[in-house]
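For the sequence shown, the working numbering gives the first residue as 12, with consecutive numbering after it. The C-beta atom is built at its ideal place from N, Cα and C for all residues, glycine as well. Read through the structure below, which is laid out as structure tokens, and then see the notes.
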Amino acid sequence: IVRSLTNLIKKKADPIKGAPGVLKNAGTPKEGAPQIPLHPERWEQIITIRDEMHEAAGAMGNRTSLMTAGSLGLNVTLSASALTALRAFVRGEWRKLAWLLLGAGGSFVGKTLLTQQLNRFDTLVSLTNVAERICVAFNQPDNAGIQAAVPYYIFGHNHSARVRELTQAAGTNAPFRQWYVNTGAWLPSFNESDRLTRSDIQLTFFRLVPDRPGRDEQVPELLEWLPNADRPRPVRLL
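Shown next, in the form of structure tokens:
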């Protein structure tokens, strides 16, 4: 965020001109006004959030890797058991067939349970909660009473596409609506609720400046591209 604001200043861009009314009402910085650095208290909060998330994500990543390897192994076992069972059926080897079917069933159950666990681990680190904590860190007044009230989006990335307005904690009074946005992944999702509303390949993207008439200009749109129709449509979210 600080880097983006610095780039705007260097390029002499005017983020207020032509913006929605709530941005215009916020006022324009005075000519030659010094840039206020982010208060150390805010930096400490952001760093704490980052470290906590890295620790949780690291533990989740190790478990996810092991479970993914186990799931792949069970898939191979399931396929091999099914093929061998078919051969046993053709040869009339009924006892062998029974054991192979039992093994295939166990592999299928194990694979299903691992997939559910992967879904749980994929949502273990709640990026929405992290975004809300960052929002609070930026919008609560610091010890000097200064509030870093600027419009921004917090981007997260996992397999679950989301767009959500960030809630404000008690005591904050930000003049802008602020959003957590997540395009998800174009790959298959482990999240069972997501799989009810999307295909395995979903080309998602955000339009941060919506152009549809009658729509709040500050509300980002989460869209998916439909190659066959050559047009976008809103993503269905549960």
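Item	Value
CB contact flag (residue 243, residue 174, <9 Å)	no
Whether residue 77 touches residue 92 by CB criterion (9 Å)	no
C-beta contact flag for residue 114 and residue 88 at 9 Å	yes
Residues near residue 139 in its chain [Cβ-Cβ closer than 8 Å; skip 5 each side]	167, 173, 175, 191
Nearest neighbour of residue 177, chosen from 247, 236, 149 [CA to CA]	149
Residue 61 - containing beta strand (DSSP E), residue span	It is not in any beta strand (DSSP E) - residue 61 instead sits in the alpha helix (DSSP H) that spans 51-102.
Whole-angstrom distance between residue 66 and residue 144, CA atom to CA atom	16 Å
Same chain, Cβ closer than 6 Å to residue 107, neighbours up to 5 away in sequence not counted	99
Three-way DSSP call (helix, strand, coil) for residue 110 in this model	helix
Within-9 Å CB hit, residue 144 to chain B	No chain B appears in this structure, which consists of one protein chain only.
Reference residue 82; option with closest CA among 97, 123, 235, 141	123
Identified DSSP bridge partners for residue 232	218
Cβ separation of residue 214 and residue 197, assumed to be a contact under 8 Å, to the nearest whole Å	6 Å
Status (buried if at least 16 other CB within 10 Å, exposed otherwise) for residue 96	buried
Euclidean distance between Cα positions of residue 246 and residue 126	24 Å
Helix, strand or coil at residue 177 [DSSP, three-state]	coil
DSSP three-state assignment for residue 166, whether helix, strand or coil	strand
Rounded separation between residue 238 and residue 169 - CA only	23 Å
C-beta atoms of residue 236 and residue 217 nearer than 9 Å	no
Buried/exposed call for residue 171, threshold 16 Cβ in 10 Å	buried
Cβ separation of residue 121 and residue 85, assumed to be a contact under 8 Å, to the nearest whole Å	5 Å
8 Å Cβ shell around residue 101 - same chain, five flanking residues per side excluded	none
Limits of the unbroken alpha helix (DSSP H) element including residue 247	Looking at the DSSP string, residue 247 is not in any alpha helix (DSSP H), and its letter there is neither H nor E.
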